[in-house]
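In order, the protein sequences belong to chains A and B.
Using the numbering used here, you'd call the opening residue of the first sequence number 1 and step up by one each time.
Using the numbering used here, you'd call the opening residue of the second sequence number 1001 and step up by one each time.
Single-structure report; data block below.
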Amino acid sequence: MTEVRFTVNGAAQCAEVEPRLTLADMLREECGLTGTHLGCEHGVCGACTVLMDGLPVRGCLVFGVQAEGADIRTVEGLAAPDGTLNVLQRAFQAQHGLQCGFCTPGFLMLATWMLEQPGGVDEARLRDVLASNLCRCTGYQNILAAVRAAAQEMGVWKG
Amino acid sequence: MNWVGRRLPRSEDPPLLRGEGRYVPDIAIGARVVRFLRSPVASGRITALRPPAEMPPGCLFVTGADLAEVQPIKPGLRRFNYRAVEQPVLPIERVHFVGQAIAAIVAPGAALAEDLLEACELDIAAEDPVIGFDAALAPDAALVHPIAPGNVAVEGELRPEAFAETLASAAHMVEFAFRSGRQSAMPLEGRGGVAEYDRATGRIRLSASAQMPHQLRTGIAQLLGMPEADLQVIAPDVGGGFGQKMALFPEYPVLVWLARKHRGRFAWVEDRNENLIASAHSRDQRHVLRAGFDAEGRLLALEADILADVGAFSVFPTTCAVEPLMALAEYPGPYKVPAYAVRTRGVLTHTCPMAPYRGVSRPVITFGIERVMDRAAAALGLAPDEIRRRNLHDVFPARSATGMVLDEASYIQALDEAVHILDIPAFRARQAAARAQGRYLGLGLSVFNERTGYGTPAFAARSMDVVPGYEVVDIAMLPSGEVEARIGSSPHGQGLRTTLSQIIADRLGLDPGHIRIIHGDTDRTPYGWGSFASRSLVIGGGACQVAADKLADKLRRGAARLLQCEPSDVTLRDGNAVAGAASMPIAELARLAHQRSELLSDAIGFNLAETGQYDPGGTFSNACHAAIVEVEAETGHVRVERYLVVEDAGRIINPMIADGQVQGGVAQGIANALFEEVIYAPDGTPLTGTLADYTPPTCAEIPEIEIHHLETISDATITGAKGLGEGGSIGAPAAIANAISDALSPFGVDVAEFPATPPRIRALVRGRAPRA
C-alpha cells in the first residue's frame, strides 16, 4: 500500500492505495466521489475524464499514486455547495444534453477544461475537443448545443 | 395551463449533472466482489475446472456443480417450430461461446478477484465451432444443441396460394441479397448487479442495471426456486439499455444465489470486454428478396428469405425468435404488398446470444425493402420518391400483408415534406457538378413505419410463454396535495419522470413539479413490463392518464361536496378545484380527504388512490429519413453531409425529449450503417472486444440531425401519442446505404452489406471506372 496526498475539488485528501489502483477507482472507492464513471476502462469512452493539475485526463489511464501532490477536479466540484448548477450544467439541462447521464460527468469535465482555456471556442474546436468522448444516447447534437450555449453565456464563443 | 406539448426541462437532470446519480457501480462499493471466469473457446467439453491452489480468507469459488438446484434458463415459445434451448446458469459439461460464464470468483476486492481469476485451472477439450450461416446450415454441420436439428431454433413461413404465379407475372423483377453485420447495443454503462441479504427479513435486494425489473424478479425466483416475495429488484439509475438490458443474464441468478447462501452483499460490475463479447448481440442477418413490380412500378409480390444468427442460446424473456419473427411479420412496412411470401429462420451458432436492440429487425428489413425500391426505381426509370409514392399506403386504417392494422398515419405526407425540404432538383445539379470534378455525392431516402406501443394481443400472437404488453399505474394524492404515480415501466434515460408528469399534470390541473413518478423498484411499483419496444410513453403514459382521470373524478366529487355543487360543475386547474365563482385549493381538498374524512367519505371513500390500466393494440408511427453523403471513392470514406428526419409520432408530449430520442436513434443508425460491427474469427474468437475495435462514432462523425414533426392523431392510443424511441435507428441504415449507392451509381455498384465500411466501399469500386 502506498500513501497518496492530493486535493480534490479544493479539499485535501489522503488515501492508502495499491499502486495498481486507477485514479478513477481511487476517487470512487477511497474518496466516495462516484460521479466519475467508468465506461470502458481502456481510455476510449472518456466517461472517467477528470481534471488533473488543470488538464483533462482519463481517470482509468492514470494510477492513483500518480496523483501524489496533484490538484484534481471532478464533476462533484462544479455545482455550488448548495447544489445550484453552474453555467455549463444549466446549459446541459436546458439543451437536453443528457439522457441516461452516464457519460455526462466526463463531457462536463472535458468541456469545463476547454471553456477555461485562453483564446475562446469556435465550432471546429468544439467538435474536435468533444470528439474525445463517447455518448450512446444523445447523438451528440445537444451536447454540442449545450457547450455552445455555455460558451456564449461565458463570453468565450468565437462562433 | 397545458403541460403536454411543452419543452419542459427534465426533472431527472440536476442530480445527474452534479454527479449524484446512483448507478449499480456506485451501489457496488464495499460489497464482496464477484468476477466470472469465462470461456476462451467457442465450443468444447470442460475437462477440468478447479479454484486457485490458494484461496485467501473470504474468497469463494462457485461452479455449476454448486448450483445443482438452480434451473436452467429456458424461455418458451409455442409455435414456429421453436426449439426450447436451455442455458445452464453456469455450465458443467460444455461451453457454447467465447465469453460464456463458467465459474464465479468472490473476493473482498476487485484486484484480488481478478488475480484469482487468472489462477483458476480451466481445461476445455476444444471442438470445431459452428460460426456463420454457411457452417451452421451445411448438411453435415455439427449441432450447437442436439434439440435443434439443422441448427434451426425457430422457423416461420407464410406462402399464399398461387404466390409463385403472381411473382412470375410481374413485369419487372428485382432480386436483392444482402447482409447485416452483427451489432452490440453498447450501453455506456455495462451490465452489473448488487445482491444483498437482509438478515432482519431474510429478503434479498438485487439492484441491477436492467430494463425489466419485474421480469428479472419473477425469472430469478423461478430459477432459484425461492419465494418471489423474498426478492426485491431495483433498477436504479441505468446507464442506457437499448434492449440489451431486457435479458435475464445468467450472472444475476448467481449473485442472488450467493447473497442467499452466504447471507451477505455481492456485486458484479462487468468490464467493457465482457459487455462486448458476453452480454448480447443483434442484427446478424442475411436476407434474399425477390420483388415483382408492374410496368408502372407498383409492387405486386414480395418474397423474403430471412436468416438471423441467434447465437448459442435463447434469451429470457423475449426468446431468440424476436428478430426472425419480427422480420417475418413486418417486412412489408408502409407499403401495399398484395402478395407476400416469407421464410424466416433463427440459426444457432457458437457465438454470443442475440437479444433485442433498438429497432430489433426493423433497421434490417427497412434496409432491404428501401434498397429494393431504389433498385426498382432505377430499373423502371422512376425517381426514388415517385416509386415510393406509388406504393405507400394512403387509406387508413389499412391492413398489412400479415394482417396488422395500420392506423391513421402520414406516409406520403412525410415523404412529400422531405422531398420539398431537400429540393432534389438543386441537389441533382450540385451532384452533377461534383461528379464532373471526380467527387461523388449521393442522396438516399428511407421511408418506414414503426409498430409502437403494442400491448398484450400483439405479443400474444407471437405465442411466447411470457407475454408482455399491459401497464398498470398506481396513483395517489398525499394529504399535502402532492401526487405519487407508481409505474411498471422502467425508464433509463428516456425522461419518463418528466413526460409522465406532464400528462398527469394536465388531467389534475397541477404543476408537474407536484407529481412524483416512482419506478424501477419491485417493492414500490405495480407489476409491469419495463421500457422497450417504443412503448413506455404510449402504454405507461396511457395508464397514467387513465389513473389520473379516475383520481380527477374523485377530486371533483369531493370538491362538489364541499363547494355544494355537482361534480360536473367542477374543473381542476392551476392547483384549484373551481366551480363557478367558488373554488378551493386541491391541496386543501387532499388534506380534508385524509384527515377530515368524516366530511367526504360518503362521497369519495377513504383515500385518494386509484389504479389505471392500459393495454392498447398498437399504433404505427412513421417517418421519412433522407441522407446526403459524399463518398471518397479512393479511400471509401463516407461523410454524412446532411441528415433529415420528417417523422410522425402523433401527439408530442415533450418536443425536446422527442427530438432527443430521434437524434440518439439516428446516431445509432448511422453507427450501424457505417461504423460498428462485432466480428468473429473463424474459430469463434471475437475480434472486437474493445471500443477501439468496435469503433462507435463520436461527434466528429455524427452530423446535425434536422427534424420536422407531423402530428397525426390516431384513435389507436388514448393520449394520441405514438412511440418514437426506435425510429431513428430504424431509418438510418437504409437512408445512408441508398445515399452511398446513389453516389456510387457512376461505378455501376450499390450497397448490399452494412456497415458500409471504407474497406467494403473500396472493394465495391475496385477496378471500376466511373461512367462519364
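Using N, Cα and C, we set each Cβ at its ideal position, and we do this for glycine too.
Distance check for E1114 (chain B) and L1122 (chain B), CA to CA, integer angstroms please.
Position 122 of the second sequence, counted from the start, is the residue given in the question as residue 1122 (chain B). Position 114 of the second sequence, counted from the start, is the residue given in the question as residue 1114 (chain B). In a straight line, the C-alpha of L1122 (chain B) is about 15 Å away from that of E1114 (chain B).
Residues in the same chain with beta-carbon distance under 7 Å from L1224 (chain B), minus the five sequence neighbours each way, listed in chain order, please.
Position 224 of the second sequence, counting from 1, holds the residue named residue 1224 (chain B). Once the five neighbours on either side are set aside, the close Cβ partners of L1224 (chain B) are V1070, P1253, V1256, W1257.
Go to V1152 (chain B), then tell me how far its beta strand (DSSP E) extends in each direction, as first and last residue.
Along the second sequence, read from residue 1 onward, the residue named residue 1152 (chain B) stands at position 152. Segment 1152-1158, the beta strand (DSSP E) holding V1152 (chain B).
What are the residues in the segment 54-76 of chain A lying within 8 Å of chain B by C-beta distance?
T74, V75, E76
Could you tell me the distance, in whole angstroms, from the CA atom of G1684 (chain B) to the CA atom of F1036 (chain B)?
The sequence position of residue 1684 (chain B) within the second sequence is 684, counting from 1. The sequence position of residue 1036 (chain B) within the second sequence is 36, counting from 1. Answer to the nearest angstrom: the Cα atoms are 20 Å apart.
Is N1391 (chain B) buried or exposed, if buried means 16 or more other CB atoms sit within 10 Å of its CB?
For the purposes of this step, residue 1391 (chain B) is taken as residue 391 along the second sequence, with counting starting at 1. Burial call: buried.
Would R148 (chain A) count as contacting chain B if we go by Cβ distances under 8 Å?
Counting from one through the first sequence, the residue named residue 148 (chain A) turns up at place 148. With 8 Å as the cut-off, R148 (chain A) does not count as an interface residue toward chain B.
For the segment 122-139 of chain A, which residues have a beta carbon sitting closer than 9 Å to at least one beta carbon of chain B?
L126, R127, D128, L130, A131, S132, N133, L134, C135, R136, C137, T138, G139
Helix, strand or coil: which one does DSSP assign to S1039 (chain B)?
Working through the second sequence from its first residue, we reach residue 1039 (chain B) at position 39. In this structure, S1039 (chain B) counts as coil in the three-state DSSP scheme.
Check each residue of the segment 1691-1718 of chain B: if its Cβ is closer than 7 Å to any Cβ of chain A, include it; give the result in chain order.
L1691, A1692, P1696, T1698, C1699, A1700, I1702, E1704, I1705
Please classify H1625 (chain B): does DSSP put it in a helix, a strand, or coil?
Along the second sequence, read from residue 1 onward, the residue named residue 1625 (chain B) stands at position 625. Note: H1625 (chain B) maps to strand in three-state DSSP.
Can you confirm whether the segment 1066-1081 of chain B touches the segment 1126-1145 of chain B when touching is taken to mean that 3 or more C-beta pairs between the two stretches lie within less than 8 Å?
no
Have a look at the DSSP bridge pairing and note the partners of D1123 (chain B).
Counting from 1 along the second sequence, the entry for residue 1123 (chain B) is found at position 123. According to DSSP, D1123 (chain B) bridges with B:A1048.
Neighbour flag for H1492 (chain B) against chain A, beta carbons, 8 Å:
Start at 1 with the first residue of the second sequence, and residue 1492 (chain B) comes out as number 492. True, the Cβ-Cβ gap to chain A drops below 8 Å.
Beta-carbon proximity list for L21 (chain A), same chain, < 6 Å, skipping 5 on both sides:
Here residue 21 (chain A) corresponds to residue number 21 of the first sequence, with the count starting at 1. If we look at L21 (chain A) and ignore the five residues flanking it on each side, its Cβ neighbours are G64.
Cβ closer than 8 Å: which chain B residues qualify as neighbours of F92 (chain A)?
Locating residue 92 (chain A) in the first sequence gives position 92, where the first residue counts as 1. Those within 8 Å of F92 (chain A) in chain B are D1013, L1017.
Just the C-alpha distance for L1112 (chain B) and W1268 (chain B), rounded to the nearest angstrom, thanks.
By 1-based counting over the second sequence, the position of residue 1112 (chain B) is 112. By 1-based counting over the second sequence, the position of residue 1268 (chain B) is 268. Going from the Cα of L1112 (chain B) to the Cα of W1268 (chain B) covers about 14 Å.
In this structure, how does DSSP classify W1268 (chain B) when only helix, strand and coil are distinguished?
The sequence position of residue 1268 (chain B) within the second sequence is 268, counting from 1. Note: W1268 (chain B) maps to strand in three-state DSSP.
Just how far apart, CA to CA, sit V44 (chain A) and L1691 (chain B)?
Translated into positions along the first sequence, residue 44 (chain A) becomes position 44. Translated into positions along the second sequence, residue 1691 (chain B) becomes position 691. Whole-angstrom Cα-Cα distance: 6 Å.
Tell me which same chain residues have a C-beta within less than 6 Å of the C-beta of Q1222 (chain B), skipping the five on either side of it?
In the second sequence, residue 1222 (chain B) corresponds to position 222, counting from 1. Here the set comprises nothing.
Counting Cβ pairs closer than 8 Å, one from the segment 1469-1489 of chain B and one from the segment 1559-1570 of chain B, do we hit at least three?
no
Closest by C-alpha distance to G1099 (chain B), when choosing among B:F1080, B:P1051, B:S1043
Position 99 of the second sequence holds residue 1099 (chain B). It is B:S1043.
Taking three-plus beta-carbon pairs below 8 Å as touching, is the segment 1610-1619 of chain B in contact with the segment 1588-1597 of chain B?
no
Comparing the C-beta of Q1502 (chain B) with each C-beta of chain A, is any distance below 8 Å?
Taking the second sequence and counting its residues from 1, one reaches residue 1502 (chain B) at position 502. No, because no Cβ of chain A sits closer than 8 Å to the Cβ of Q1502 (chain B).
Closest to Q99 (chain A) by C-alpha separation, out of B:L1599, B:E1753, B:H1625, B:G1495, would be which residue?
In the first sequence, counting from the first residue as 1, residue 99 (chain A) sits at position 99. Taking only the C-alpha atoms, the option nearest Q99 (chain A) is B:G1495.
Rounded C-alpha distance that separates A1627 (chain B) from A1735 (chain B):
To locate residue 1627 (chain B), count along the second sequence from 1; it is residue 627. To locate residue 1735 (chain B), count along the second sequence from 1; it is residue 735. Cα-Cα distance, rounded: 6 Å.
For I1412 (chain B), which residues in chain A fall below 9 Å Cβ to Cβ?
Numbered from 1 along the second sequence, position 412 holds the residue referred to as residue 1412 (chain B). Those within 9 Å of I1412 (chain B) in chain A number zero; the least Cβ separation is about 27 Å.
Is the beta carbon of I1852 (chain B) sitting closer than 8 Å to the one on A1547 (chain B)?
Nothing can be reported for residue 1852 (chain B): it is not among the residues displayed for chain B, which extend from 1001 to 1772.
Is the beta carbon of T34 (chain A) sitting closer than 8 Å to the one on V50 (chain A)?
For the purposes of this step, residue 34 (chain A) is taken as the residue at position 34 of the first sequence. For the purposes of this step, residue 50 (chain A) is taken as the residue at position 50 of the first sequence. Taking 8 Å as the Cβ cut-off, T34 (chain A) and V50 (chain A) do not qualify as a contacting pair.
Taking G155 (chain A) as the reference, which of A:A15, A:V87, A:E76 has the closest Cα?
By one-based count along the first sequence, residue 155 (chain A) stands at place 155. Residue A:V87 is the option with its Cα nearest to G155 (chain A).
Taking E1251 (chain B) as part of the alpha helix (DSSP H), name the residues at either end of that continuous run.
Taking the first residue of the second sequence as 1, we reach residue 1251 (chain B) at position 251. Element bounds for E1251 (chain B): 1251-1262.
Nearest chain A C-beta to D1511 (chain B) closer than 8 Å, yes or no?
Position 511 of the second sequence, counted from the first residue, corresponds to residue 1511 (chain B). Output row for D1511 (chain B): interface = no.
Quick check on this structure: which residue in B:V1405, B:S1314, B:V1638, B:A1200 has the alpha carbon closest to the alpha carbon of R1263 (chain B)?
Within the second sequence, the letter at position 263 stands for residue 1263 (chain B). Measuring from the Cα of R1263 (chain B), the nearest candidate turns out to be B:A1200.
Could you spell out where the beta strand (DSSP E) holding D1474 (chain B) opens and where it closes?
Position 474 of the second sequence holds residue 1474 (chain B). Counting along the chain, the beta strand (DSSP E) containing D1474 (chain B) begins and ends at 1471-1477.
Exposure of Y140 (chain A), with buried meaning 16 or more beta-carbon neighbours within 10 Å
As a first step, residue 140 (chain A) must be located in the first sequence, where it is residue number 140. Buried is the call here.
Specify, as a first and last residue, the run of the beta strand (DSSP E) that F1242 (chain B) falls within.
On the second sequence, residue 1242 (chain B) is found 242 positions in, with the first residue counted as 1. Note, F1242 (chain B): premise wrong, no beta strand (DSSP E); not H, not E.
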